[in-house]
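Data first, discussion second: the structure below is written as C-alpha cells.
Number of protein chains: 2
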Amino acid sequence: MGQWPEFVQIKEVGPRDGLQNEKKLVATPDKVNWINMLSESGVKEIEFSSFVNPKWIPALSDAHELGKKIKRNPDVRYSALVPNMKGLELALEAGIDGASVFMSASETHNKKNINKTIDDTYPVLKEVVREAKIAGKHVTGYVSTVFDCPYEGKITPEQVIQVCDRLIEFGVDDISLGDTIGSAVPLQVEQLLDAVLAAYPKEKIIMHFHNTRGMAIANIMTSMQYGISRFDSSIGGLGGCPYAPGAAGNVATNDVLYLMHGLGIKTGIDEKKLQEAALFIQNKLGKPLPSKSLAYAASQQ
Amino acid sequence: MGQWPEFVQIKEVGPRDGLQNEKKLVATPDKVNWINMLSESGVKEIEFSSFVNPKWIPALSDAHELGKKIKRNPDVRYSALVPNMKGLELALEAGIDGASVFMSASETHNKKNINKTIDDTYPVLKEVVREAKIAGKHVTGYVSTVFDCPYEGKITPEQVIQVCDRLIEFGVDDISLGDTIGSAVPLQVEQLLDAVLAAYPKEKIIMHFHNTRGMAIANIMTSMQYGISRFDSSIGGLGGCPYAPGAAGNVATNDVLYLMHGLGIKTGIDEKKLQEAALFIQNKLGKPLPSKSLAYAASQQ
Numbered sequence: 001m002g003q004w005p006e007f008v009q010i011k012e013v014g015p016r017d018g019l020q021n022e023k024k025l026v027a028t029p030d031k032v033n034w035i036n037m038l039s040e041s042g043v044k045e046i047e048f049s050s051f052v053n054p055k056w057i058p059a060l061s062d063a064h065e066l067g068k069k070i071k072r073n074p075d076v077r078y079s080a081l082v083p084n085m086k087g088l089e090l091a092l093e094a095g096i097d098g099a100s101v102f103m104s105a106s107e108t109h110n111k112k113n114i115n116k117t118i119d120d121t122y123p124v125l126k127e128v129v130r131e132a133k134i135a136g137k138h139v140t141g142y143v144s145t146v147f148d149c150p151y152e153g154k155i156t157p158e159q160v161i162q163v164c165d166r167l168i169e170f171g172v173d174d175i176s177l178g179d180t181i182g183s184a185v186p187l188q189v190e191q192l193l194d195a196v197l198a199a200y201p202k203e204k205i206i207m208h209f210h211n212t213r214g215m216a217i218a219n220i221m222t223s224m225q226y227g228i229s230r231f232d233s234s235i236g237g238l239g240g241c242p243y244a245p246g247a248a249g250n251v252a253t254n255d256v257l258y259l260m261h262g263l264g265i266k267t268g269i270d271e272k273k274l275q276e277a278a279l280f281i282q283n284k285l286g287k288p289l290p291s292k293s294l295a296y297a298a299s300q301q
Numbered sequence: 001m002g003q004w005p006e007f008v009q010i011k012e013v014g015p016r017d018g019l020q021n022e023k024k025l026v027a028t029p030d031k032v033n034w035i036n037m038l039s040e041s042g043v044k045e046i047e048f049s050s051f052v053n054p055k056w057i058p059a060l061s062d063a064h065e066l067g068k069k070i071k072r073n074p075d076v077r078y079s080a081l082v083p084n085m086k087g088l089e090l091a092l093e094a095g096i097d098g099a100s101v102f103m104s105a106s107e108t109h110n111k112k113n114i115n116k117t118i119d120d121t122y123p124v125l126k127e128v129v130r131e132a133k134i135a136g137k138h139v140t141g142y143v144s145t146v147f148d149c150p151y152e153g154k155i156t157p158e159q160v161i162q163v164c165d166r167l168i169e170f171g172v173d174d175i176s177l178g179d180t181i182g183s184a185v186p187l188q189v190e191q192l193l194d195a196v197l198a199a200y201p202k203e204k205i206i207m208h209f210h211n212t213r214g215m216a217i218a219n220i221m222t223s224m225q226y227g228i229s230r231f232d233s234s235i236g237g238l239g240g241c242p243y244a245p246g247a248a249g250n251v252a253t254n255d256v257l258y259l260m261h262g263l264g265i266k267t268g269i270d271e272k273k274l275q276e277a278a279l280f281i282q283n284k285l286g287k288p289l290p291s292k293s294l295a296y297a298a299s300q301q
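Structure (C-alpha cells):
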C-alpha cells in the first residue's frame with residue numbers, strides 16, 4: 001500500500017527554529033561544538049541561525065559569530081533566516097550557503113510576526129531573493145501558518161498558493177510550507193498538497209511540521225504518499241511553541257529518522273551521531289527534549 | 001487519497017495499561033471518581049483493571065473493589081484483564097462486562113510475562129474463554145509483541161496468526177494486536193495487516209499501539225487505510241514502557257481524538273470531558289502526562 005520515496009532529505013533546523021523557542025540561552029562555544037557535531041552526522045543542510053534584529057530573538061544574537069566559527073563540512077549547506085537586506089549583508093559576510101526568506105500565508109500572523117502586511121512584505125523579500133541569487137546562494141522561501149493561523153483560524157490552499165506564486169516569481173529555489181502551530185491532521189495535508197502539487201513540481205516543496213498535537217509523523221507519512229521527499233526537523237524536538245507554553249514545537253529529527261530508516265528510506269544521516277548531538281544539547285539545556293525515540297534511546301544507555 | 005472509517009471505536013485502557021506502568025499508586029476513591037468521569041465522556045469501553053495476582057501488579061490490587069464501586073453507565077462496557085480461572089471468578093464477582101485474556105506472539109516474552117510457554121498458555125486461556133462466554137461476557141484476546149519482541153527481535157506475521165488462530169478457535173469475540181514496545185513503523189503495520197486481514201474480518205481486529213518512538217498516530221493512520229476502526233488508547237498517554245524507563249507507553253486517547261475528529265471521523269467521545277479526566281489523573285500523579293494535545297490544551301486554559 002505504501003508508496004514512499006527512496007531517499008529523503010532532512011534539513012536540520014534545531015539551531016535556528018529550535019533554539020529560537022528555548023528560554024535558556026546556549027553559549028556560543030557550545031553552539032559551535034554542537035553544530036560541528038551535527039555537521040558530521042551526515043545531514044545535508046543545517047539552518048544554523050537567523051539574521052534578524054538581535055532584539056527580536058536574543059537567543060540567536062550570535063548568528064554572525066557562529067557563521068564565522070563553525071567548522072564547515074563541504075557536504076553540508078549552511079543556511080540562515082534572513083528578513084531583509086541588512087540581514088542578508090550580515091549573513092553573506094558570515095558565509096552562509098543558503099538564505100531563507102520568510103512570510104506568512106495569514107495576514108494577521110504576518111503582521112504580528114514581521115510587523116508588515118503581506119503586500120508590504122513582498123518588495124522586501126523580492127530584493128533579498130534577487131541579491132541572494134546574485135551572490136550565488138541557494139534561496140528557500142518559508143511560508144508559515146499554511147494550515148491554521150493562531151489568530152485567523154483556517155487558511156485555505158488558495159491563500160498559500162498566492163504567496164507561493166510570488167515567492168517563485170521572485171526566484172526562490174524551493175518553498176518550505178510550515179505548520180507553524182502544529183495543528184494539521186493528514187486530511188489538511190492532503191487538501192493542501194492536492195492544490196500545491198497541481199501548481200509546482202514536488203521537488204520544489206519542503207514540508208515543515210510541528211508536533212504540537214502529536215500529528216507530525218502522520219503528516220510526514222501523508223506527504224510522502226504525495227511524493228514529497230524533503231522535510232525540516234529539529235534535533236530532539238528542540239524548541240517549543242510560542243503560542244502554547246509547555247507544548248511541543250518542531251518535529252524531532254530523531255523520530256523522523258526512526259520512521260525513515262524503519263521504512264527502508266535512506267537519509268544519509270547516522271542515527272547514533274544524531275543522538276549524541278541531541279544528548280549534548282539536552283545536557284546544555286538541562287531538561288529532557290520532547291523526542292520520543294530520543295527518550296527511548298537514552299533509557300537504553 | 002485517504003480512505004478512512006466513518007466511526008472509530010476507542011477502548012480506554014488508561015486505568016489498566018496506563019496505571020499498571022505508573023510508579024505512583026492512585027488511591028481507590030480517586031480511581032473511582034476518575035473512572036466515573038471517563039464513563040461520562042462518551043467512550044464505549046473502559047478496561048478498568050486487571051485481575052492478576054496483586055503481587056504482580058500492586059497498582060491494580062484494588063480491581064475487585066473498583067469493580068464494585070464504580071458507577072455503571074449502561075452505554076459503557078467495563079472490561080478487565082483476566083489471566084486464569086481464579087482471576088475470572090473474581091472478575092465475574094466484581095461485575096465485569098468483558099474479559100480480556102492475554103498472551104504473547106513471542107515465546108520468550110510470553111515466558112517472561114506469564115511464566116509459561118505459549119503451548120502451556122493455551123489450555124489456561126481456553127478454559128477462561130469458555131467460562132467467560134458461558135457467563136455471557138464479551139471476550140477479547142490480547143496478543144502482545146506482534147511486531148518486535150524486546151528479547152527476540154522481529155516477530156513474523158505467521159507467528160501472530162498462529163496465536164490468533166488458537167484464540168479464535170477458543171471463541172474470543174475479537175483480537176487486540178499489541179505493539180507492546182512501541183517500535184513499529186507503518187511498513188510493519190502493512191505487512192502484519194496484509195496477513196491478518198487475509199485470515200480474519202477487519203471488524204474482529206483491534207490495534208493497540210504504544211508511542212514509545214513517536215510512531216503511534218502514523219501507525220493508526222495506516223491501520224485505518226486498511227479499514228481497521230477499533231483502537232486501544234490510554235488517556236493522556238498515561239503509563240510508561242516497562243522496557244525503557246522514562247519512555248512513552250500507550251498512545252494517548254487525547255491525541256487519537258484530535259486525529260479522528262480532525263479527519264471528520266466520529267468517536268462519540270467528548271474531547272473536553274476527556275481532557276478534564278486527563279487533567280484529574282495528571283494532578284493525582286503529580287507529573288505531566290505525555291500527550292502532546294493534552295499539553296497543548298492545558299497551556300490554553
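Protein sequences, first through last, are from chains A and B. Using full-length UniProt numbering, the first residue of the first sequence is number 1, and each one after it goes up by one. Using full-length UniProt numbering, the first residue of the second sequence is number 1, and each one after it goes up by one. Glycine included, C-beta positions come from ideal geometry on N, C-alpha and C. Keep in mind that this is a model prediction, so the values were computed, not measured.
Would a C-beta distance cut-off of 8 angstroms place residue i and residue j closer than the cut-off?
| i | j | result |
| --- | --- | --- |
| residue 163(B) | residue 143(B) | yes |
| residue 263(A) | residue 186(B) | yes |
| residue 222(A) | residue 189(A) | yes |
| residue 205(A) | residue 228(A) | yes |
| residue 274(B) | residue 217(B) | no |
| residue 21(B) | residue 290(B) | no |
| residue 48(B) | residue 87(B) | no |
| residue 36(B) | residue 10(B) | no |
| residue 26(A) | residue 66(A) | no |
| residue 191(B) | residue 157(B) | yes |
| residue 63(A) | residue 19(A) | no |
| residue 38(A) | residue 244(A) | no |
| residue 154(B) | residue 99(B) | no |
| residue 193(B) | residue 226(B) | yes |
Does any residue of chain A bring its CB to less than 8 angstroms from the CB of residue i?
| i | result |
| --- | --- |
| residue 211(B) | yes |
| residue 228(B) | no |
| residue 82(B) | no |
| residue 258(B) | yes |
| residue 313(B) | In the structure displayed, chain B extends from 1 to 301; residue 313(B) sits before or after that span and is not available. |
| residue 191(B) | no |
| residue 245(B) | yes |
| residue 217(B) | yes |
| residue 274(B) | no |
Relative to the alpha-carbon of residue i, which residue among the options has its alpha-carbon at the smallest distance?
| i | options | result |
| --- | --- | --- |
| residue 175(B) | 254(B), 135(B), 36(B), 105(B) | 105(B) |
| residue 84(B) | 103(B), 202(B), 168(B) | 103(B) |
| residue 140(A) | 248(A), 97(A), 148(A) | 97(A) |
| residue 236(A) | 218(A), 211(A), 243(A) | 211(A) |
| residue 89(B) | 118(B), 129(B), 70(B), 230(B) | 129(B) |
| residue 118(A) | 247(A), 166(A), 225(A) | 166(A) |
| residue 270(B) | 145(B), 203(B), 43(B), 199(B) | 43(B) |
| residue 74(B) | 45(B), 281(B), 298(B) | 45(B) |
| residue 183(A) | 202(A), 214(A), 198(A) | 214(A) |
Counting C-beta neighbours from all protein chains within 10 Å, is the total for residue i 16 or more, i.e. buried, or is it exposed?
| i | result |
| --- | --- |
| residue 94(B) | buried |
| residue 180(A) | buried |
| residue 147(B) | buried |
| residue 300(A) | exposed |
| residue 28(A) | exposed |
| residue 266(B) | exposed |
| residue 16(A) | buried |
| residue 232(B) | buried |
| residue 295(A) | buried |
| residue 6(B) | exposed |
| residue 134(B) | exposed |
| residue 292(B) | buried |
| residue 113(A) | buried |
Using a C-beta cutoff of 8 angstroms, does residue i count as contacting chain B?
| i | result |
| --- | --- |
| residue 255(A) | yes |
| residue 291(A) | yes |
| residue 263(A) | yes |
| residue 296(A) | yes |
| residue 94(A) | no |
| residue 299(A) | yes |
Is residue i close to the ligand ATP? I mean its beta-carbon at under 7 angstroms from any heavy atom of the ligand.
| i | result |
| --- | --- |
| residue 253(A) | With respect to the ligand ATP, the structure offers nothing, as it holds no ligand at all. |
With three or more C-beta pairs closer than 8 angstroms as the rule, is the stretch 62-81 of chain A touching the stretch 108-117 of chain A? No, they do not touch.
Contact between the stretch 123-135 of chain B and the stretch 151-163 of chain B: three or more CB pairs below 8 angstroms? With a cut-off of 8 angstroms, the stretch 151-163 of chain B and the stretch 123-135 of chain B do not count as touching, because too few Cβ pairs lie within range.
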